[in-house]
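**Student:** Each residue of the sequence shown is one higher than the one before, starting from 79 at the first, in this note's numbering.
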Amino acid sequence: MFTGIVEELGTIATRDGSRLRIAATTVLDGSGLGASIAVNGCCLTLVASGDDWWEAEVSDETYSRTNLADARAGDRVNLERPMALGERLGGHIVLGHVDGVGTVVNPAPDLRVRIPSHLMRYLVEKGSVTVDGISLTAFNLGSDTFDVAVIPHTTDVTTLGVRRAGDRVNIEMDVLAKHIERLIEPHAS
């Protein structure tokens, strides 16, 4: 599990088929072979590393459901190690399981994102949503859009500072909302 608080901006070094190499240092501290690291909110497994890089193997399924399919050498990505018990939860519970890909309508600071309409049922006014691995608070909900007020610090330390209209972003909805829906489904009729 993650918190949606980005620890480091990494850089895609190479993408060779299923192998993705990312230049980074901070997230390597305490991360060994098999460790989970969120990349733009997508949980990947560290399979090789050096002093200032690490690699993950990305499945076709993951490429088909995330913006990692768009990744090119030189692209910046949001990175986060899993949370540890006993630490503060600065964002919200993030699993690293991307629910869909949204599209930036308006870039930060007045971020508006369009997402598949079926995901909107998991959003509430002032509720948590994960955009490219960043824990954010949604408001001004539409039929398939939501807004986020992004502070300058967030644009400085995440990819939101370089996102433009039309860019694709990974979206993870609040896991609690998804579990509640699943629990009440059998009783809804």
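Note that the Cβ used here is the ideal one computed from N, Cα and C, for glycine as well. On a predicted model such as this, the values are computed, not experimentally measured, just so you know.
1. For A126, which residues from the same chain have a beta carbon less than 8 Å from its beta carbon, with the 5 sequence-adjacent residues on both sides left out?
2. Nearest CA to the CA of F217: which residue from L201, T236, T208 and T232?
3. As a quick exercise: from L87, L261, G205 and L214, pick the residue whose alpha carbon is nearest that of A186.
4. Along the beta strand (DSSP E) that carries V209, what are the first and last residues, could you check?
5. Count the other CB atoms, across all protein chains shown, that sit within 10 Å of the CB of G169; report buried if there are 16 or more and exposed otherwise.
6. Using the Cβ count rule (16 or more neighbours within 10 Å means buried), how would you classify G95?
7. Closest by CA to R192, which one among L122, V226, E139 and H257?
8. Could you tell me the alpha carbon to alpha carbon distance between G119 and A266, rounded to whole angstroms?
9. Taking just the CA atoms, how far does S109 sit from T123?
10. Hey, could you find the ends of the alpha helix (DSSP H) L261 is sitting in?
11. Tell me the residue span of the alpha helix (DSSP H) that contains S142.
12. Roughly how many whole angstroms lie between the Cα atoms of G128 and S114?
13. If contact is defined by three or more beta carbon pairs under 8 Å, each pair taking one atom from either stretch, is the stretch 232-242 in contact with the stretch 158-173?
14. For T92, report the span of its alpha helix (DSSP H) as first-last.
15. Looking only at its own chain, which residues have a Cβ that is under 7 Å from the Cβ of P160, when we skip the five neighbours before and after it?
16. Would you tell me roughly how many angstroms separate the C-alpha atoms of R97 and G174, rounded to the nearest one?
17. Would you decide whether G82 is buried or exposed? Buried here means 16 or more other CB atoms lie within 10 Å of its CB.
18. Mapping the DSSP letters down to three states, classify R199 as helix, strand or coil.
19. Going straight from the alpha carbon of E263 to that of V253, what length do you get?
**Tutor:** The short version:
1. L111, W132 and E133
2. L201
3. L214
4. S206 to V209
5. buried
6. exposed
7. V226
8. 32 Å
9. 10 Å
10. V253 to I262
11. D138 to R143
12. 16 Å
13. no
14. It is not in any alpha helix (DSSP H) - T92 instead sits in the beta strand (DSSP E) that spans E86 to D94.
15. M79, F80 and S114
16. 18 Å
17. buried
18. helix
19. 15 Å
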